[in-house]
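Colleague:
Numbering (my numbering), first residue to last: 1 to 128.
(1) Please classify residue 75 as buried or exposed, where buried requires at least 16 other C-beta atoms within 10 Å of its C-beta.
(2) Tell me which same chain residues have a C-beta within less than 8 Å of the C-beta of residue 105, skipping the five on either side of it?
(3) Suppose you measure from the CA of residue 89 to the CA of residue 107; what does that come to, to the nearest Å?
(4) Mind checking who residue 27 pairs with in its DSSP beta bridge?
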């Protein structure tokens, strides 16, 4: 089975800037500096769970983990060509993801992006 990515580098390069403003650069630098402690805390939390993560587990995301990671879009970039769901998922996968994310949405830990709206944040922890 051959995997074909739906990623168009030209479109990506047309809208995503190669540099951040000072505030975003400071945020990313702070994130980098705190990353070791965050990942230690996350690994510690995961090691206490003796089985695979699911809605049946009482797993909590460490409070020190950042909730947002901005993507620097270029000024006046046309975002209409960006996909909100870059990976196609089966109904079973969607149901599994919903079982995990719905409680986090209700708790206010993650926010749902309105359909058709570009998001300036990414959640790489949920990219499968």
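Note that the Cβ used here is the ideal one computed from N, Cα and C, for glycine as well.
Modeller: Taking the structure as given:
(1) As a position in the chain shown, residue 75 is number 75, starting the count at 1. Exposed.
(2) Here residue 105 is taken as the residue at index 105 of the chain shown, counted from 1. Take residue 105, set aside five residues on each side of it, and the residues of its chain with a beta-carbon closer than 8 Å to its own are 111, 112, in chain order.
(3) Taking the first residue of the chain shown as 1, we reach residue 89 at position 89. Taking the first residue of the chain shown as 1, we reach residue 107 at position 107. Cα to Cα, the separation comes out at about 25 Å.
(4) If you number the chain shown from 1, residue 27 lands on position 27. According to DSSP, residue pairing for residue 27 in a beta bridge does not occur.
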